[in-house]
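Just below is one structure, and these are the notes that go with it.
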Amino acid sequence: MQNQEHENYLFQSILKNSPSSETFSFEEYKEVSPAYFNDLKQKLLEEYDGKKLTDINGSKVISTDYGDTLQIVQKEKIDFKLAENNFKSQMNQNLKLLPKIGIKTEQNLKKQGFDTIESLLNHDSHRENAKIFLNKINEMSFLEVLDLLNKNKYGKECKNNLIKCVSLPDAENFKFMDIETLGLSNVPLILIGVAEIKGNKIISSQYFLRDLDEELAVLRAYFSHLDQESVHVTFNGKTFDVPFIKNRLNYHRVNTNFNLAHIDLMYYAKYLWANDLPNCQLQTIEKYKFGIERKDDVPGQYIPGYYNTYLAEKNIGPMVPIIEHNRQDIVSLADFLMKMYEEVNY
13 MQNQEHENYL
23 FQSILKNSPS
33 SETFSFEEYK
43 EVSPAYFNDL
53 KQKLLEEYDG
63 KKLTDINGSK
73 VISTDYGDTL
83 QIVQKEKIDF
93 KLAENNFKSQ
103 MNQNLKLLPK
113 IGIKTEQNLK
123 KQGFDTIESL
133 LNHDSHRENA
143 KIFLNKINEM
153 SFLEVLDLLN
163 KNKYGKECKN
173 NLIKCVSLPD
183 AENFKFMDIE
193 TLGLSNVPLI
203 LIGVAEIKGN
213 KIISSQYFLR
223 DLDEELAVLR
233 AYFSHLDQES
243 VHVTFNGKTF
253 DVPFIKNRLN
263 YHRVNTNFNL
273 AHIDLMYYAK
283 YLWANDLPNC
293 QLQTIEKYKF
303 GIERKDDVPG
313 QYIPGYYNTY
323 LAEKNIGPMV
333 PIIEHNRQDI
343 VSLADFLMKM
353 YEEVNY
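This is the structure:
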């Protein structure tokens, strides 16, 4: 309580001459205050003095082809259900999926009674493309479906289809993924988290670099979760996480197939919720859409400093909230995906 009173006193002292102080909260002050996060780091060092990484619940050291690393596994219940929407049947009604058919052409064709791609088998100009599509549709992988839909974004209906199509893969194939790094590029990643649906549980598996020599082991451990049917689900992962991992693989001269289907929920969040929220950051969505507010969460810009302190002090304290931050990120993605899917299907 004394610490809280001191923080509030400090906060009011800083803001007393600020014209915006009436609307600037203590929580907002924390987000922009290096002093606050330095104090938090010192508090964590004291709290976890003498503790080991293997004292973290669910943690153990595992072996990979590239050496040992730390794995942290947590399980919790989840009611993950995506209602059946017969999406491939819906694709048959989307004439724009065929070459040379846009919005106006589709409208004209439907006026002529061509309501489905199948009906175009009786159309002189579009018969061959319709035949090719119908022969392929049942054999198309989810990656191929995504690529096709991404090439045919003509408006709201098409954008909705990019969310509706997530009914096609088995839930077990979703890999809700997030990384933590020492910077924006050309530096090691220090933590990879992946959450997977197993029945009525969501299982998060995190791999942490106990020291910088373990990066390859962490990457190898992560890839043990992936196969050709895997679907990455990320938040800004197309721009950051996946290119970052590819860069690190290239740095280590490791050739691994990483061309997986990818659902980046940041784009869908902006599409669906930009007008409803102050911003479309992951934690803002958690707060306003799911009522989740994190405590002592460490923003990304402080993670390198926290990790370097962990290395220098041999103290796990600074990494504990970062590991939890990563776990919460990947678990939240499953909730985001369900809610987005529900909104566009009903």
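Be aware that the sequence shown starts at 13, since it is given in the working numbering, and climbs by one per residue. Where a beta carbon is used, it is the ideal one built from N, C-alpha and C, also for glycine. Here the structure is a predicted model, which means the values were calculated and not measured.
Tell me the rounded alpha-carbon separation between Ile-175 and Thr-66.
Residue mapping note: residue 175 aligns to position 163 of the sequence shown, counting from 1. Residue mapping note: residue 66 aligns to position 54 of the sequence shown, counting from 1. Each residue's alpha carbon lies about 39 Å from the other.
Kindly indicate which three-state DSSP category Gln-124 falls into: helix, strand or coil?
For the purposes of this step, residue 124 is identified with residue 112 of the sequence shown, where counting begins at 1. Gln-124 sits in coil when the DSSP states are folded into three classes, being neither helix nor strand.
Would the segment 99–115 count as touching the segment 136–153 if we require 3 or more Cβ pairs under 8 Å?
yes
Do Val-254 and Leu-277 have their beta-carbon atoms positioned less than 9 Å apart in this structure?
Within the sequence shown, residue 277 is the residue found at index 265, counting from 1. Within the sequence shown, residue 254 is the residue found at index 242, counting from 1. No.
At a cut of 8 Å, does the segment 88–101 reach the segment 114–121 through at least three beta carbon pairs?
No: the two stretches stay apart, fewer than three of their Cβ pairs being nearer than 8 Å.
Judging by CA-CA distance, which residue of Ile-115, Leu-155, Val-230 and Lys-112 is the nearest neighbour of Pro-181?
Working through the sequence shown from its first residue, we reach residue 181 at position 169. Per the Cα distances, Leu-155.
Can you name, in chain order, every residue of its own chain whose Cβ lies under 8 Å from the Cβ of Ile-68, other than the five neighbours on each side?
As a working note, residue 68 is residue 56 in the sequence shown. So the list reads Ile-84, Ile-328, Val-332 and Ile-335, once near-sequence residues are dropped.
Select from Lys-210, Tyr-60 and Tyr-78 the residue whose C-alpha is nearest the C-alpha of Gln-86.
Numbered from 1 along the sequence shown, position 74 holds the residue referred to as residue 86. Restricting attention to Lys-210, Tyr-60 and Tyr-78, the CA atom closest to the CA of Gln-86 is found in Lys-210.
Does the segment 191–208 come into contact with the segment 41–61, if we say contact requires no fewer than three beta-carbon pairs (one atom in each stretch) closer than 8 Å?
no
Is DSSP giving Phe-36 helix, strand or coil here?
For the purposes of this step, residue 36 is taken as residue 24 along the sequence shown, with counting starting at 1. Because Phe-36 carries a pLDDT of 45, less than 50, the predicted location of this residue cannot be relied on, and the following value inherits that uncertainty. If DSSP states are grouped into helix, strand and coil, Phe-36 belongs with coil.
Leaving aside the five residues before and after Glu-298 along the sequence, list all residues of the same chain whose C-beta is less than 7 Å from its C-beta, in chain order.
The count along the sequence shown starts at 1 and reaches residue 298 at position 286. Within the same chain, Glu-298 has close Cβ partners Ile-304 and Ser-344.
Keeping to the same chain, check which residues put their C-beta closer than 7 Å to that of Lys-89; ignore five residues upstream and five downstream.
Indexing the sequence shown from 1 puts residue 89 at position 77. Around Lys-89: Asn-212 and Lys-213.
Tell me, please, which residues DSSP counts as bridged to Met-189.
The count along the sequence shown starts at 1 and reaches residue 189 at position 177. Answer is Val-206.
So what's Tyr-322 in DSSP terms, helix, strand or just coil?
The count along the sequence shown starts at 1 and reaches residue 322 at position 310. Helix.
When burial is assigned at 16 or more other CB atoms within 10 Å of the CB, is Val-73 buried or exposed?
For the purposes of this step, residue 73 is taken as the residue at position 61 of the sequence shown. It counts as exposed.
Since Val-73 is in the beta strand (DSSP E), which residue starts that stretch and which ends it?
Stepping through the sequence shown from its first residue, residue 73 is reached at position 61. Residues 71–76.
Which runs of the beta strand (DSSP E), 3 residues or longer, sit entirely within the segment 82–133?
Listed in chain order, nothing qualifies, since the segment 82–133 has no complete beta strand (DSSP E) run of 3 or more residues.
With burial defined as no fewer than 16 other Cβ atoms inside 10 Å of the residue's Cβ, what is the status of Thr-35: buried or exposed?
As a working note, residue 35 is residue 23 in the sequence shown. Any reading at Thr-35 needs caution, since the residue's pLDDT is 47, under 50, leaving its predicted position unreliable; the model's value is listed next. Thr-35 should be labelled exposed.
Quick check on the burial criterion: 16 or more other C-beta atoms within 10 angstroms. Buried or exposed for Asp-341?
Numbered from its first residue, the sequence shown carries residue 341 at position 329. Buried is the call here.
State the DSSP-derived secondary structure class of Phe-270, mapped to helix, strand or coil.
In the sequence shown, counting from the first residue as 1, residue 270 sits at position 258. Three-state DSSP puts Phe-270 in coil, outside helix and strand.
What residue from Gly-114, Leu-203 and Phe-235 has the CA that sits closest to Tyr-319's CA?
Looking up residue 319 in the sequence shown gives position 307. Looking at the Cα atoms, Leu-203 is the closest of the given residues.
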